[in-house]
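Comments concern the structure below.
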Amino acid sequence: MDTRVATAELGWTAYPNSGWEEVSGYDENLNTIRTYQVCNVFEPSQNNWLLTTFIDRRGAQRIYVEIRFTVRDCSSIPNVPGSCKETFNLYYYETDAVIATKGTVFWMEAPYLKVDTIAADESFSQVDFGGRLMKVNTEVRSFGPLSKNGFYLAFQDYGACMSLLSVRVFYKKCPSVVQNFAVFPETMTGAESTSLVIARGTCIANSEEVDVPIKLYCNGDGEWMVPIGSCTCKAGFEPDNGNVCRACPPGTFKPTQGPSLCLQCPPNSRSTSEAATICVCRNGYYRGDGDQPDKPCTSVPSSPRNVISIVNETSVILEWHAPRETGGRDDVVYNIVCKKCQANRRSCSHCDDNVEFVPRQLGLTETRVFISNLLAHTVYSFEIQAVNGVSNKSPYPAQHVSIDITTNQAAPSIVPIMHQISSTMNSFTLSWPQPEQPNGIILDYELRYYEKVSVCVCVSVMAEVLLLVSPTLHIQLSLSTLVVLELSLRADMSNCPSPLGCPTHFSGSPGMKIYIDPFTYEDPNEAVREFAKEIDVSTVKIEEVIGAGEFGEVYKGRLKLPGKREIYVAIKTLKAGYVEKQRRDFLSEASIMGQFDHPNIIRLEGVVTKSRPVMIVTEFMENGALDSFLRQNDGQFTVIQLVGMMRGISAGMKYLSEMNYVHRDLAARNILVNSNLVCKVSDFGLSRYLQDDTSDPSYTSSLGGKIPVRWTAPEAIAYRKFTSASDVWSYGIVMWEVMSFGERPYWDMSNQDVINAIEQDYRLPPPMDCPSALHQLMLDCWQKDRNVRPRFTDIVSTLDKMIRNPASLKAVANIPAVPSQPLLDRSIPDVNTFSSVEDWLAAIKMSQYRDNFLNSGFTSLQLVAQMTSEDLLRIGVTLAGHQKKILTNIQKKEEKQNKTPTSGNN
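Numbering follows full-length UniProt numbering, in which position 541 of the sequence shown is assigned residue number 541; successive positions increment by one, without gaps.
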């Protein structure tokens with residue numbers, strides 16, 4: 001409503017009739033207006049009401065009223081009584097329908113709601129000669145919230161001389177707007193002047209939300225504020241003038257949603273239509289799998305150039321020049337395709353798997369490769385391919401260059417193994433397979449046998465006698481002592497001499513069972529059938545996963561064989577999708593375990609090979625791996641109990657060494673513990689040594705395979721000389737692991753630092769409270785010269801003596817000083833070197849008592865340094881081993897040399 005534009009009568013209701021009067025007049029700009037005025041100041045007890053017509057709310061929640069009026073200054077009226085006023089009241093009444101007002105008693109403050117008492121900022125005292133009212137006041141008031149269809153306004157005069165020049169009624173709103181690429185609708189303000197009304201936005205055409213929800217807030221003054229979220233132009237569209245998303249023109253593209261602009265197509269690509277999100281590569285050009293859309297399209301390289309070959313017997317070196325054209329890429333590598341051909345070169349087949357390529361066959365970054373293990377007097381064709389990141393996209397074969405070579409004569413490979421077929425007190429019958437690579441015509445085999453204290457005796461066996469698929473030899477020996485047999489062979493090598501080395505293949509006493517390597521069988525499945533019992537899968541019940549092996553999951557389950565009681569078992573499975581080599585490597589562990597029968601060797605129950613999944617079933621060891629078991633029970637076993645565990649491990653290793661089996665990975669993680677604390681040697685899988693895979697941080701690549709450096713003897717690290725003597729070195733590390741309750745050998749030193757330290761004769765210091773006799777045995781196992789290390793027979797005997805005489809374990813080993821720079825000794829951390837109680841407890845692996853210390857008031861290292869055994873009992877440290885460990889670590893070490901390692905020379 002706005003009376004400023006009204007020309008006819010307003011038709012408002014006045015009460016009483018002698019009060020408000022509607023008259024025509026002029027405003028200050030001489031515009032004709034309709035006004036209401038009242039001036040009964042000389043009459044007492046004035047109560048004059050003026051009621052507007054019904055006003056439609058139109059959905060507004062808060063209403064604003066602008067009033068323009070004049071008021072006569074009471075002091076300018078002569079003889080005015082004291083009841084003269086210069087103010088009036090504004091009311092409103094909310095209703096859903098028009099109500100009749102004429103003749104209705106509706107002139108009291110109730111049921112009106114008062115908005116405010118309106119006072120004039122300025123009042124007038126006279127009328128100018130033109131009859132205009134001077135000093136016009138303008139006041140704005142608001143009220144709400146409103147919920148009904150409409151309302152009335154009421155003005156109450158109670159003794160003023162005044163005139164209402166105009167009344168304007170309005171509400172506020174925020175206009176429709178486009179902001180942040182979103183359209184927001186027209187929105188009315190809230191019920192209060194401080195209200196914020198949320199308006200949801202809608203993304204404009206060809207744009208998408210970045211943040212959800214998209215919204216603006218409309219404040220009480222009808223202004224937008226606090227934008228939240230936004231939209232941005234879709235892929236293929238760019239912003240134009242801030243609030244339009246325009247399609248990328250042909251020849252440009254935009255790959256992602258966002259505020260960025262369209263880009264020109266990169267070299268060798270194009271877009272032919274609008275709104276392109278990527279430019280298509282031209283014919284003969286491609287993008288690699290990892291190439292971004294803004295990168296140029298590239299092509300395949302040309303062929304390598306100028307290849308040359310250098311043949312040396314059954315090996316060859318190939319060298320070449322890089323291709324002239326790289327296709328515009330810097331990721332060119334080379335692949336070698338090897339083919340073995342007939343002499344006439346008419347028929348070729350792929351090379352055997354045993355051919356070796358150094359550094360590799362595929363993905364070469366250098367222009368040189370060394371190829372070995374080829375057959376003698378054989379024609380080979382080598383194809384050198386140049387490939388890059390888009391070669392797999394091209395429909396054409398990789399560009400390549402080929403070269404043919406013919407190998408020369410070479411020495412035969414060694415006989416891989418000998419088998420003892422039978423024996424008596426004074427004779428052996430032996431057999432062996434032909435060498436895998438005879439590299440010519442075998443002339444004869446040479447067998448050497450001798451007592452360990454005698455000189456070597458050689459027997460030459462002519463080839464015409466022994467050249468069988470599996471040659472056999474019967475030797476009559478008039479002796480019953482330990483002998484060593486060595487076999488070498490001589491081939492027809494017209495152009496080069498024959499090296500007659502003496503690799504050791506057999507060592508033992510007459511009648512002793514000898515371990516047979518399953519990999520020497522022509523058919524590895526034959527070894528499985530010979531050494532591992534096949535189990536019907538119906539007798540196996542899988543219950544739960546307990547771990548993951550190299551080839552698949554490891555489960556706990558039950559085995560119920562006919563006529564036997566049901567037992568718990570561990571079940572190793574071969575995951576689906578395996579290749580034959582993986583199956584062979586997986587089952588090789590069963591072929592090895594099946595040859596062993598000893599209380600300290602994990603027992604093989606059998607295998608499942610005739611159904612899926614393929615399984616290896618072994619006895620179940622309730623306490624799991626020894627290293628984690630010790631860490632979980634830190635300080636809870638006596639020295640005699642620990643020695644008993646070590647004795648069991650050494651007994652199992654004595655049995656293995658007597659069978660001529662070398663474990664090569666003896667470590668606490670590969671020892672399993674049952675519920676009676678019996679320790680058994682496990683993990684006989686050899687595949688880890690046949691692959692160059694360093695996913696396990698315990699192993700480091702060396703000489704083509706992985707080596708557990710911290711447990712391995714120096715000669716095995718240096719030139720892979722694995723023997724029972726190297727197992728003895730590993731056993732010494734296992735002893736240290738046991739006595740330190742699963743501490744990591746050499747702590748956090750790097751593998752290379754460990755190798756360097758061992759070379760400088762440094763050895764691990766004794767763990768805390770380790771008897772000196774046990775540490776001396778460890779040092780004996782770590783002798784640099786493997787020939788002077790104790791045998792497992794000696795170790796078992798030594799530990800048996802300690803168990804029979806516990807007094808020999810009373811003396812605790814000290815850590816003597818050495819003049820040169822030592823290994824870091826972390827066996828006894830000094831409480832005074834830490835910044836907090838939590839750090840100190842973590843260092844001594846007693847973090848489980850953190851809350852006990854802090855909740856009992858031992859919150860500083862100064863207080864901890866004064867603790868007694870009674871204090872420990874009081875705060876809840878009840879295990880004697882843990883009390884001793886904590887109290888020992890509280891004692892401050894006064895001399896730095898007490899933190900030095902023990903030299904291997906002691």
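From the three backbone atoms N, C-alpha and C, an ideal C-beta is built for every residue, glycine too.
Could you give the DSSP three-state label for residue i: helix, strand or coil?
| i | result |
| --- | --- |
| Thr-888 | helix |
| Trp-729 | helix |
| Val-244 | strand |
| Phe-853 | helix |
| Asn-335 | strand |
| Asn-17 | coil |
| Ser-494 | Because the pLDDT of Ser-494 is 38, which lies under 50, any placement of that residue in the model is unreliable, and the number read from its coordinates should be weighed accordingly. DSSP places Ser-494 in coil when its eight states are reduced to three. |
| Arg-583 | helix |
| His-663 | coil |
| Val-614 | coil |
| Tyr-112 | coil |
| Pro-227 | strand |
| Ser-347 | coil |
| Asn-525 | helix |
Check this for me: beta carbons of residue i and residue j, under 9 angstroms apart or not?
| i | j | result |
| --- | --- | --- |
| Leu-764 | Ile-733 | yes |
| Ser-628 | Arg-669 | yes |
| Lys-339 | Phe-382 | yes |
| Asn-89 | Asp-121 | no |
| Phe-69 | Val-136 | yes |
| Pro-806 | Val-681 | no |
| Lys-541 | Arg-529 | no |
| Pro-599 | Val-673 | no |
| Ser-18 | Asn-40 | yes |
| Val-390 | Val-333 | no |
| Gly-328 | Asn-268 | yes |
| Cys-781 | Val-728 | yes |
| Thr-3 | Ile-33 | yes |
| Ser-302 | Arg-287 | no |
| Cys-218 | Thr-189 | yes |
Hey, residue i and residue j are a contact pair by Cβ (cut 8 angstroms); roughly how many whole angstroms apart?
| i | j | result |
| --- | --- | --- |
| Ala-813 | Pro-771 | 7 angstroms |
| Gln-883 | Leu-872 | 5 angstroms |
| Thr-232 | Pro-259 | 5 angstroms |
| Glu-22 | Glu-9 | 6 angstroms |
| Asp-27 | Leu-165 | 6 angstroms |
| Gly-220 | Glu-186 | With 8 angstroms as the limit, Gly-220 and Glu-186 do not qualify as a contact, their Cβ atoms being about 16 angstroms apart. |
Can you tell me whether residue i is buried or exposed? The criterion is at least 16 other CB atoms within 10 Å of its CB, across all chains shown.
| i | result |
| --- | --- |
| Asn-241 | exposed |
| Tyr-92 | buried |
| Asp-634 | buried |
| Asp-128 | Caution applies to Asp-128, whose pLDDT of 46 falls short of 50 and renders its modelled position unreliable; the model cannot decide the point. |
| Asn-180 | buried |
| Gly-606 | buried |
| Ile-567 | exposed |
| Ala-157 | The amino acid at residue 157 is misidentified as Ala; the sequence shows Asp. Classification of Asp-157: buried, given that the 10 Å Cβ count is 16 or more. |
| Gln-783 | buried |
| Lys-513 | exposed |
| Pro-499 | In this prediction, Pro-499 scores a pLDDT of 32, lower than 50, which makes its location untrustworthy; no coordinate-derived value is stated. |
| Lys-654 | buried |
| Asp-665 | buried |
| Met-739 | buried |
Which partner residues does residue i have in the DSSP bridge list?
| i | result |
| --- | --- |
| Cys-279 | Its beta-bridge partners do not exist; DSSP assigns none. |
| Asp-2 | Arg-168 |
| Val-379 | Cys-341 and Thr-406 |
| Arg-305 | His-321 |
| Ala-160 | Lys-85 |
| Phe-237 | Ala-247 |
| Ser-835 | The partner list for Ser-835 (beta bridge, DSSP) is empty, contrary to what the question assumes. |
| Pro-771 | Val-812 |
| Cys-174 | Thr-187 |
| Gly-25 | Ile-33 |
| Ile-601 | Val-681 |
| Asn-354 | Looking at the DSSP assignment, Asn-354 forms no beta bridge with any residue, so it has no partner. |
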